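> Please see the structure below; I have some questions.
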Amino acid sequence: MPSMSLFLSQLFNGLAAGLLLALISTGLTIIYGTLGVVNFAHGALFVVGAYAGYVAYGASQSFVLAIVVGAVVALIIGLIIERGLVRLYYGRPPEDQILVTFGIGIILVEIVRGIFGGVSLSVATPSWGQGIVHIGSLIYPLYRLQALLISAGTLVVLYFVLYRTSLGLIVRAGIEDSLMVNILGINVKRIFLLVFGIGAMAAGYAGVIDAPIVTLAPDMGFRVLVDSFVVVVLGGVGSFPGAIIGGIIAGEILSLTSMFDPAYSDVMLFVAMALVLIFRPQGIMGQEGRE
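Heads up: the sequence shown is residues 1 to 291, going by UniProt numbering.
In structure tokens:
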């Protein structure tokens, strides 16, 4: 049996990973809930943000600037993708959306591979994140705790934007009934562009935050993409609170299962998803009847 310190460490690791997954999945669920687009390029935007942050960090030695650059680059690419191609697929069958966004994702990943090569890269922990912290009897890496707090703080900001501003009201109304929003005289196309951009920015932002914890590789976005879709299924499509709850559940399942046997961590995650689909198909916080 694992020791109590190992259990607590994995518990914190699961919470940190879960909040990061929630941050990524928030962008995914907002895009899918509002636009009805199954965005398979979301994992590639995570990769693009991480590598953009890597370049900015190497050039400036400022991790804060790296976070900003990674988020902005992902935002710009997301806006270009939406205006250039994705907007043509609104209302098209899901399989068309999957194929075009999956293709975009492959192109972005191969561009990253062409620039940086296929060799894994590492991002140094920023100076303010180096060292350890004592939480009771637990010794825990300082940056992992900071990443947890950064993800949680960002989710709070996103919650405020979505639930306490007029922009958030329009976005949430678009999730429920985009036709009615259009009838009310609101430029839905502009809102769609903004929503896609916010989702892309969230992915790129999360990529930079995660960079000092993981090894950068062009293909790392595929695993993130799969886990993010599982989080969306667990929490419920279009539900911001559901993305947070689903992310935490997924993170804890992956972390705690790997404590016993890492080979079964993904298995248990998909078992949890299957159980949710069987007993509550709309997700934990999703609305019944939503397609």
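Ideal Cβ placement from N, Cα and C applies to all residues, glycine included.
Quick caveat, the model's predicted, so the values are computed rather than measured.
1) Do you know whose CA, among 206, 112 and 153, lies nearest residue 370's CA?
2) On the CB-based measure, 16 or more other CB atoms within 10 Å of its CB, does residue 122 come out buried or exposed?
3) Thinking C-beta only, is residue 269 closer than 7 angstroms to residue 230?
4) Express the C-alpha separation of residue 237 and residue 61 in angstroms, rounding to a whole number.
5) Could you give the DSSP three-state label for residue 141: helix, strand or coil?
6) Within a Cβ cutoff of 7 angstroms, which residues of the same chain sit near residue 141, ignoring the five residues on either side of it in sequence?
7) Please check the pair residue 203 and residue 45, which I expect to be a contact at CB under 8 angstroms, by giving their CB distance rounded to whole angstroms.
8) How would you label residue 187, buried or exposed, when you count the other beta carbons within 10 angstroms and need 16 or more for buried?
9) Applying the criterion that 16 or more other CB atoms from any shown protein chain within 10 Å of the CB defines a buried residue, is residue 130 buried or exposed?
10) Of all the beta strand (DSSP E) runs that stay within the bounds of the segment 108-177, which reach a length of 3 or more residues?
11) Could you please give the first and the last residue of the uninterrupted alpha helix (DSSP H) stretch that includes residue 282?
12) What is the rounded straight-line gap between the Cα of residue 105 and the Cα of residue 31?
13) Counting beta carbon pairs with one atom in the segment 2-19 and one in the segment 250-263, are three or more of them shorter than 8 angstroms?
14) Please confirm whether residue 59 and residue 73 have their CB atoms less than 7 angstroms apart.
15) Could you pull out every residue in the same chain whose Cβ sits closer than 7 angstroms to the Cβ of residue 138, ignoring the five residues on either side in sequence?
16) Please confirm whether residue 276 and residue 234 have their CB atoms less than 7 angstroms apart.
17) Could you check which residue in 84, 152, 215 and 25 has the C-alpha nearest to that of residue 198?
18) What's the gap between the Cα of residue 246 and the Cα of residue 281?
19) When DSSP labels each residue in this structure, what does residue 28 get in the three-state scheme?
20) Do residue 95 and residue 196 have their C-beta atoms within less than 7 angstroms of each other?
The short version:
1) The structure shown does not extend to residue 370, since the chain is modelled only from 1 through 291, so no value can be given for it.
2) A residue is called buried when at least 16 other Cβ atoms come within 10 angstroms of its Cβ; residue 122 does not meet this threshold and is exposed.
3) Inclusion of residue 230 and residue 269 in the CB contact set at 7 angstroms is warranted, their separation being smaller than that value.
4) Going from the Cα of residue 61 to the Cα of residue 237 covers about 39 angstroms.
5) Strand, per DSSP.
6) These residues qualify, in order along the chain: 132.
7) At roughly 4 angstroms, the Cβ-Cβ gap stays under 8 angstroms, so residue 203 and residue 45 are in contact.
8) So residue 187 counts as exposed.
9) Residue environment analysis places residue 130 among the exposed positions, since fewer than 16 neighbouring C-beta atoms fall within 10 angstroms of its C-beta.
10) Here the runs fully enclosed are 132-135 and 138-141.
11) It is not in any alpha helix (DSSP H) - residue 282 carries neither H nor E in the DSSP assignment.
12) Looking at the two C-alpha atoms, the distance is approximately 16 angstroms.
13) At 8 angstroms Cβ cutoff, the stretches touch.
14) It is not a contact, given that the beta carbons lie outside the stated cut-off.
15) Listed in chain order, the non-local C-beta contacts of residue 138 below 7 angstroms within the same chain comprise 5, 8 and 9, local neighbours out to five positions each way being set aside.
16) With contacts defined by Cβ atoms closer than 7 angstroms, residue 276 and residue 234 form a contacting pair.
17) With distances taken between Cα atoms, residue 198 lies closest to 25.
18) If I take the Cα positions, the gap works out to 14 angstroms.
19) Residue 28 falls in the helix class under three-state DSSP.
20) No, these two residues do not count as a Cβ contact at 7 angstroms.
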